[in-house]
Amino acid sequence: MPEILDQARTQVLGDGVGLDEAGVLAVLNLPDEHLPAALQLAHDVRMRWCGPEVEVEGIVSLKTGGCPEDCHFCSQSGLFTSPVRSVWLDIPSLVEAAKQTAKTGATEFCIVAAVRGPDARLMKQMREGVAAIRAEVDIQVAASLGMLSQEQVDDLVDMGVHRYNHNLETCRSYFPNVVTTHSWEERWETLRMVRDSGMEVCCGGILGLGETVEQRAEFAAQLAELNPHEVPLNFLNPRPGTPLGDRPVVEGKDALRAIAAFRLAMPRTILRYAGGREITLGDLGTRDGLLGGINAVIVGNYLTTLGRPATADLDLLDELKMPVKALSATL
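The numbering used here applies: residue 4 is where the sequence shown begins, and numbers increase by one.
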């Protein structure tokens, strides 16, 4: 057994203290023959510190495309030639999407907008949309609207939004290679305000943007410092017309190593399967990740890419005897 796994068994599984950056890097560099042991340990950590339940979430885009930012992975940027054009979703469509999400058994519905940050029009539509959903659907409402002011944070709390997603995307040292129209620090400040407001913080990123293994470990350590309630783990699904459209897909074993490493860095965090797992891991790898530290999934499609059918994920959870988390009025 590699020394780092022995250390993690005592420190993470035993004491609930996550690995530091050096420890994460050691896990990311484990040879293939030790990957099953790392995944088993990560699963044991998840079961001990999070329990067997899996949180299921659906997402919908309130405002798609036409974003002024230049995130190099994103086909919603208005600066690239990607085939996504600006579209707004009306309130009845938003409520219907929430109803369909609830029918899958999901407890979480996230409203997403492709913007630098919300303007008055978007905040008004959010208030109306959240009120309409809460009136008709028994589901928690989360939001992802870009960078916020303190006033906007307070407004979202008042609306009843219980969780806010704002991904750091990658580590601080690599971020300027991915985004140039705003800084990593600006994103961090939004997350600080969200955390201080009492809303749950959802913050993750995308692996496979061109970062080194060392920078992947740096990213895990920075997320652990933030201590988010939830970390969505995406794997780059290269989009035609974006600056990263020709990047190779993350190797399945590297993706699984990352899942184990991020779980061992954050033993108590919800670690959620998000975009790109279908092409990176496929059906077998998806199963391996659920038995290797993952304890939440986004079901159905993503914002601009197709996901697995919700029934496929729910059937797999049933087969693995992993109960879907019940809606909690305490969240």
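The beta carbon of each residue, even a glycine, is placed where N, CA and C say it ideally should be.
Since the structure is predicted, the reported quantities are computational estimates derived from the model, not experimental observations.
Exercise. First and last residue of the alpha helix (DSSP H) that includes ALA223?
Worked result: 216-229
For this session: Return the residue from the list ILE7, THR283, GLY19 that minimises the CA-CA distance to ALA29.
Result: ILE7
Problem set entry | Reduced DSSP category for ILE297 - H, G, I as helix; E, B as strand; rest coil | coil
Problem set entry | Residues that GLY211 bridges to, as DSSP identifies them | Bridge partners of GLY211: none, in fact.
Exercise. With LEU22 and ALA268 assumed to form a contact (beta carbons below 8 Å), what rounded beta-carbon distance in angstroms separates them?
Worked result: 5 Å
Exercise. With burial defined as no fewer than 16 other Cβ atoms inside 10 Å of the residue's Cβ, what is the status of VAL144: buried or exposed?
Worked result: buried
For this session: In angstroms with no decimal places, state the Cα-to-Cα distance between GLN43 and GLY295.
Result: Each residue's Cα considered, the two are about 6 Å apart.
Problem set entry | Whole-number beta carbon distance between VAL181 and PHE265, since they are thought to touch under 8 Å | Not quite, the Cβ-Cβ distance comes to about 19 Å (not below 8 Å), so this is no contact.
Exercise. Between which two residues does the alpha helix (DSSP H) harbouring GLU192 extend?
Worked result: 187-200
Problem set entry | Start-end ranges of the beta strand (DSSP E) lying completely within the segment 228-271, minimum 3 residues | 233-238
For this session: Can you give me the start and stop residues for the alpha helix (DSSP H) that LEU274 sits inside?
Result: It is not in any alpha helix (DSSP H) - LEU274 instead sits in the beta strand (DSSP E) that spans 273-276.
Exercise. Bridge partners of SER176, per DSSP?
Worked result: In DSSP, SER176 forms no bridge with anything.
For this session: Identify whether ARG290 lies in helix, strand or coil by the three-state DSSP scheme.
Result: Look at ARG290 here: in three-state DSSP terms it is helix.
Problem set entry | Straight-line Cα distance separating HIS232 from MET50 | 16 Å
Problem set entry | Separation of ASP291 from PRO5, as counted between CA atoms | 20 Å
For this session: Name the two residues that bound the continuous alpha helix (DSSP H) containing SER152.
Result: Looking at the DSSP string, SER152 is not in any alpha helix (DSSP H), and its letter there is neither H nor E.
Problem set entry | Three or more C-beta pairs below 8 Å linking the segment 192-212 and the segment 162-175 | They touch, by the three-pair rule.
Exercise. Run through DSSP, which three-state label would GLU56 get?
Worked result: DSSP places GLU56 in coil when its eight states are reduced to three.
Exercise. Is the Cβ-Cβ distance between ARG282 and ASN298 less than 8 Å?
Worked result: Note that residue 282 is Ile in the sequence shown here, rather than Arg. No, they are not a contact pair.
For this session: Excluding the 5 residues preceding and the 5 following GLY19 in the sequence, name in chain order all residues of the same chain whose CB lies nearer than 6 Å to its CB.
Result: TRP52, PRO270
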